[in-house]
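Numbering (this note's numbering), first residue to last: 7 to 214. C-beta: ideal position from N, C-alpha, C; glycine also. Small disclaimer: the values here were computed from a predicted structure and weren't measured. Worksheet: the structure to be examined is printed underneath.
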Ligand code: MD3
Ligand code: FE
């Protein structure tokens with residue numbers, strides 16, 4: 007599979023974050039959602055706790071050889087889910103999406119699944135728990151619209167925002183890999199993809 011297998015491939019650049027709007031069509035989105043349901047059955051979503059003991063509003067789980075966890079001991083990649091099971095494999099359809107868009111020379115070894123219910127958001131942060139920061143991150147948005155904010159590599163300064171919609175793919179590499187970013191809010195119920203509303207964001211990465 008390559009990029010031409012995906013719809014509308016126009017790329018919008020937001021401070022080095024490449025957003026391919028509407029890259030994935032509705033049928034493919036539904037198929038990925040089914041794949042994700044399979045992952046979540048084996049490795050249930052959980053509310054990660056920050057190092058300060060606060061619960062994040064986003065629920066998460068992972069697929070792949072390792073998965074991202076956060077608790078009082080900090081943020082890190084672990085070979086098992088907090089409840090002790092192995093993370094399920096990354097669905098083939100998502101690996102194909104990585105091959106088509108990421109432009110990486112390695113396969114991803116982890117796929118983080120973020121679920122945003124009503125009122126969930128994600129504060130500005132950097133992604134720097136991966137060993138090789140030259141490797142890109144690929145994100146797929148599914149479900150409700152989300153207001154995505156991008157800042158700078160250094161903390162503070164001006165930021166810019168963009169609404170992410172269901173089917174949008176973002177590729178983050180190069181200098182943008184260390185920019186501060188977050189999700190300010192989700193328009194709950196704006197998409198019909200998920201019957202009860204909500205947003206799912208999938209990020210694939212090379213962790214180790
Ligand atoms: C820019 N997720 O999981 S995806 C995350 O929509 C995360 O759930 C958001 O930030 C979400 O860490 C944003 C787009 C994204 C993902 C990774 C990035 C943007 C990024 C890494 C570096 C810079
Ligand atoms: Fe992030």
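With a Cβ-Cβ cutoff of 8 Å, do residue 72 and residue 88 count as a contact?
No, Cβ-Cβ distance for residue 72 and residue 88 is not below 8 Å.
Whole angstroms are fine: how far does the CA of residue 116 sit from the CA of residue 69?
Here the alpha carbon of residue 69 sits roughly 6 Å from the alpha carbon of residue 116.
Among 49, 46, 78, 51, the one whose alpha carbon lies nearest that of residue 60
Checking every option, the nearest Cα to that of residue 60 belongs to 78.
Nearest-angstrom Cα distance between residue 76 and residue 28?
Between residue 76 and residue 28, the C-alpha separation is close to 31 Å.
Quick check: the Cα distance between residue 123 and residue 92, rounded to an integer number of angstroms?
Roughly 25 Å between the two C-alpha positions.
Less than 7 Å between the CB of residue 209 and some heavy atom of the ligand MD3, yes or no?
In terms of side-chain proximity, the C-beta atom of residue 209 is found nearer than 7 Å to a non-hydrogen atom of the ligand MD3.
With DSSP as the reference, identify every bridge partner of residue 55, one or two as the case may be.
Listed as beta-bridge partners of residue 55 by DSSP are 61.
Of all the options 202, 133, 113, which has the alpha carbon lying nearest to the alpha carbon of residue 182?
Nearest Cα to residue 182 within the set 202, 133, 113: 133.
Determine the contact status of residue 168 and residue 154, defining contact as a CB-CB distance below 8 Å.
Contact: yes.
Between the alpha carbons of residue 231 and residue 57, how many angstroms are there, rounded?
The structure shown does not extend to residue 231, since the chain is modelled only from 7 through 214, so no value can be given for it.
In the DSSP output, which residue or residues are listed as bridge partners for residue 153?
Paired residue(s): 169, 191.
Alpha helix (DSSP H) containing residue 107: first to last residue?
Secondary structure note for residue 107: its alpha helix (DSSP H) is the uninterrupted segment 98-107.
Distance between beta carbons of residue 156 and residue 165, contact taken as under 8 Å:
Right, the Cβ-Cβ distance comes to about 6 Å (below 8 Å), so this counts as a contact.
Quick one: is residue 121 near chain D, going by C-beta distance under 8 Å?
Structure shown: chain D not included; a single protein chain is present.
Can you list, in chain order, the residues of its chain whose CB lies under 7 Å from that of residue 186, leaving out five sequence neighbours each side?
The answer, listed in chain order, is 130, 131, 132, 157, 158, 161.
In this structure, does DSSP put residue 224 in helix, strand or coil?
Nothing can be reported for residue 224, as the shown portion of the chain is limited to 7 through 214.
Residues sharing a beta bridge with residue 186, DSSP
Per DSSP, none; premise fails for residue 186.
Are the CB atoms of residue 192 and residue 152 nearer to each other than 8 Å?
Between residue 192 and residue 152, the gap from beta carbon to beta carbon is short of 8 Å.
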